[in-house]
Structures are given as C-alpha cells and as structure tokens.
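Just so we're aligned, residue 217 is where the sequence shown starts under my numbering, counting upward by one. C-beta: ideal position from N, C-alpha, C; glycine also. These notes are about the structure you will find just below.
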Amino acid sequence: MTRVYIQIEPLVIEMDGPLALNTGFRRGLIHRTVERDADGLAYIPASSLKGRVRRACEQVARQSGLRVCHAPRPGGMCSAHEQACLVCRVFGSPGRGSELHWQDARLAQDYRSVFSGDEANREAQFYARTQVQLSRGLGTAAPDRLFTSEFTVENLEFRSAITGWLDVTPIAGDDTTGGYELLLLLAGLRLVNTLGSGSSRGSGHCVIRPPEQIALGERPIRIAEVLENLELLGEFDKEAGNGN
Ligand SMILES: [Zn+2]
217 MTRVYIQIEP LVIEMDGPLA LNTGFRRGLI HRTVERDADG LAYIPASSLK
267 GRVRRACEQV ARQSGLRVCH APRPGGMCSA HEQACLVCRV FGSPGRGSEL
317 HWQDARLAQD YRSVFSGDEA NREAQFYART QVQLSRGLGT AAPDRLFTSE
367 FTVENLEFRS AITGWLDVTP IAGDDTTGGY ELLLLLAGLR LVNTLGSGSS
417 RGSGHCVIRP PEQIALGERP IRIAEVLENL ELLGEFDKEA GNGN
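Structural data, given as structure tokens:
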C-alpha cells in the first residue's frame with residue numbers, strides 16, 4: 217500500500233438546466249431553498265457532492281462485482297474492525313475517516329461577477345415554481361398542498377476540488393496510476409449526471425468535468441491513463457484479500 221497526495225482541481229460542474237437543493241429550510245412560502253454562501257450566491261455543499269459521487273462509485277463497484285457495504289446507514293457500513301470495501305477506502309466509514317478533502321462547489325467566477333452586488337442581482341439567480349401535491353389516496357387538492365420550490369436559473373457553472381491523502385492499492389503491482397482507489401473515484405465522477413433534488417422533474421442535470429490532468433504526488437497524470445485500467449477494477453477484492 218502506498219500513500220499519495222492527490223489534487224483533482226478544478227472540478228467543474230456544468231448544470232444542464234436548473235438546480236434544486238433541499239436545504240430543509242423554509243423561507244416564507246418556499247419549502248425548498250437553494251443553499252447560499254456567505255456572499256448570497258448559490259453553491260453546492262461538499263457533503264452533497266461527496267454523497268452523490270459516493271453513490272455513483274458504489275454503482276461502479278457493484279457493476280464490477282466488488283463487495284460494497286450498505287451506506288449511508290452507519291450500521292450497514294464497513295466497521296473499523298474489518299477490511300474496508302473499496303468505496304469506504306475512498307470515502308471513509310464510521311470510525312475510519314477519509315483524508316480526502318472535498319471543497320464546496322462555488323459558483324464559477326464569471327457567474328459570481330454577474331450575480332454579486334445588490335440584492336436584485338443576487339435574487340436573479342433563483343426562481344420559484346409552485347406545484348400541487350395531491351393526496352394519492354384521495355385524489356384531492358387543498359390550498360395547503362400547494363408546494364413552492366426554489367430553483368437556480370438554468371445552466372450555471374460551479375467549481376469544486378478534491379485534494380488530500382489517499383492510501384492506494386496498486387493495480388497488478390503498479391501504484392503509479394493511483395491504484396484501485398483513484399480509479400474508482402474517477403470512474404464514479406464520470407458517471408454522475410444529476411445533483412440535488414428533483415431530478416425526476418427536470419432539475420439537477422449536470423456534467424462533472426475534472427481537469428484532463430491531475431496531480432498524483434509530484435507527478436501529473438492524465439485521467440484517461442488512469443481510466444485505461446477500468447476493466448481491472450473487479451480484481452480489487454482478490455488483490456486486497458477482501459471478502460474471499
Ligand atoms: Zn464499505
């Protein structure tokens with residue numbers, strides 16, 4: 217096992233349409249409000265981004281036939297006393313943190329300039345849409361079933377980064393490409409095509425674009441080079457002596 221410092225920066229998130237994030241807060245009649253940073257600008261919290269990428273990585277790992285524990289229920293996840301599954305090795309589990317740091321995804325600079333300044337500019341980032349929630353059982357609509365959600369305007373661009381230490385398991389003895397751990401992370405990032413809530417109603421569609429090259433220790437490496445090993449991902453459990 218080798219420890220490497222990785223830098224995936226910038227991680228560009230291009231929205232295709234509006235974005236809705238469920239903050240759990242209620243502002244006036246609006247039931248769901250988009251997260252705002254200290255400048256009043258829309259952002260995607262690191263925890264939302266990380267959680268979504270984790271789910272994508274679980275999907276990739278399962279498709280490759282790997283053992284994957286049952287997040288996010290802490291009792292279903294790998295414990296500190298057993299061999300962690302590949303997903304927990306990248307994202308951490310209760311009692312076993314990850315030393316990868318996920319940055320909040322902030323609005324890209326061009327958009328920051330447009331929406332900064334006065335209140336009217338800031339509010340131009342958002343719009344509200346009212347929907348009717350019908351009771352499935354009764355099929356009735358009542359005024360208190362009006363549900364107003366908040367969205368960002370379409371096609372915003374955000375920037376995040378993933379940096380920090382990763383313990384990597386060499387692929388066929390080779391640790392120069394970041395091992396199975398980096399391979400899984402990059403494959404998962406590529407798979408994510410929605411963020412936030414309400415993707416079934418047309419919001420939250422996105423593409424995540426990592427840079428073409430990322431830093432692996434002192435050395436730059438092309439993402440395409442890492443992903444060339446994707447067929448070998450399923451060998452992780454055998455190589456790590458996991459679950460066999
Ligand atoms: Zn696990």
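Asked: Pro-426, buried or exposed, once every other Cβ within 10 Å from all chains shown has been counted against 16; Found: buried
Asked: Between the CA atoms of Gly-420 and Leu-411 - distance to the nearest angstrom; Found: 5 Å
Asked: Per-residue DSSP class, three states only, for Leu-227; Found: strand
Asked: Range covered by the alpha helix (DSSP H) that runs through Gly-404; Found: 395-407
Asked: Contacting residues, own chain, Cβ-Cβ under 7 Å from Asp-253 (five flanking each side not counted); Found: Tyr-259 and Arg-322
Asked: Val-306 beta carbon near ligand 1 (any heavy atom closer than 6 Å); Found: no
Asked: C-alpha distance - Asn-460 paired with Leu-449, whole-angstrom precision; Found: Caution is warranted here: a pLDDT of 42 is assigned to Asn-460, below 50, making its placement in the model unreliable, and no coordinate value can be reported.
Asked: Expected contact under 8 Å - CB spacing of Ala-236 and Phe-367 to nearest Å; Found: 5 Å
Asked: Neighbourhood of Glu-373 by C-beta distance below 8 Å, restricted to the same chain and skipping five residues each side; Found: Val-228, Ile-229, Glu-230, Met-231, Leu-323, Ala-324, Asp-326 and Tyr-327
Asked: Pick from Phe-363, Ala-388 and Asp-453 that is closest to Thr-249, judged by C-alpha positions; Found: Phe-363
Asked: Cβ separation of Val-284 and Cys-301, assumed to be a contact under 8 Å, to the nearest whole Å; Found: 5 Å
Asked: Bridge partner(s) assigned by DSSP for Leu-432; Found: Ile-222 and Arg-435
Asked: Other residues of its chain near Glu-428: CB distance less than 8 Å, five sequence neighbours each side excluded; Found: Arg-438, Ile-439 and Ala-440
Asked: Proximal residues to Thr-379 (C-beta, below 6 Å), its chain only, five neighbours per side dropped; Found: Gln-223 and His-317
Asked: Element boundaries [beta strand (DSSP E), containing Val-423]; Found: 422-425
Asked: beta-carbon Cys-294 near ligand 1 non-hydrogen atom, thresh 6 Å; Found: yes
Asked: 6 Å CB neighbourhood of Phe-307 in its chain, flanking five on each side removed; Found: Arg-270 and Ser-314
Asked: Cα-Cα separation between Leu-282 and Asp-453, rounded to whole angstroms; Found: 6 Å
Asked: Distance, Ser-329 Cα to Glu-335 Cα; Found: 13 Å
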